[in-house]
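J.: In the UniProt record's numbering, the protein residues as written are 1 to 92. Every residue, glycine too, gets a C-beta built ideally from N, C-alpha and C.
1. How would you write the range of the alpha helix (DSSP H) that residue 52 sits in, first residue to last?
2. Helix, strand or coil for residue 36, going by three-state DSSP, please let me know.
3. Please report the residue range of the beta strand (DSSP E) in which residue 13 lies.
4. Go to residue 85, then tell me how far its beta strand (DSSP E) extends in each direction, as first and last residue.
5. Under 8 Å Cβ to Cβ from residue 27, same chain only, skipping five residues before and after it: list those, please.
6. Suppose you measure from the CA of residue 1 to the CA of residue 21; what does that come to, to the nearest Å?
7. Taking the alpha-carbon of residue 18 as reference, which of 81, 4 and 68 has the nearest alpha-carbon?
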């Protein structure tokens, strides 16, 4: 669904929510019933939270230049398993 903006000559601007691509050039004003023309306006963008914006930026940067990781994040050393079957697994 998309929100389209229309302007009535008598009552001013109002919004209509319709499926994308189905907006007509004119609709009836919900207040007076007169024909209202469609306005072409800027997209309504919400402000992205800082943490989400940083995560998106980091993901975009890593697509071209991936970060090299030298250790597991968090600082805790990995525990060694005592299961003998795990000893045959490859180490990296």
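T.: Taking the geometry as given:
1. Boundaries of the alpha helix (DSSP H) around residue 52: 50-64.
2. In this structure, residue 36 counts as strand in the three-state DSSP scheme.
3. First-last of the beta strand (DSSP E) with residue 13: 12-18.
4. Under the DSSP assignment, residue 85 falls outside any beta strand (DSSP E); it carries neither an H nor an E label.
5. Excluding positions up to five away in sequence, the list reads 6, 16, 35, 36 and 38.
6. Rounded to whole angstroms, residue 1 to residue 21 spans 9 Å at the Cα level.
7. It is 4.
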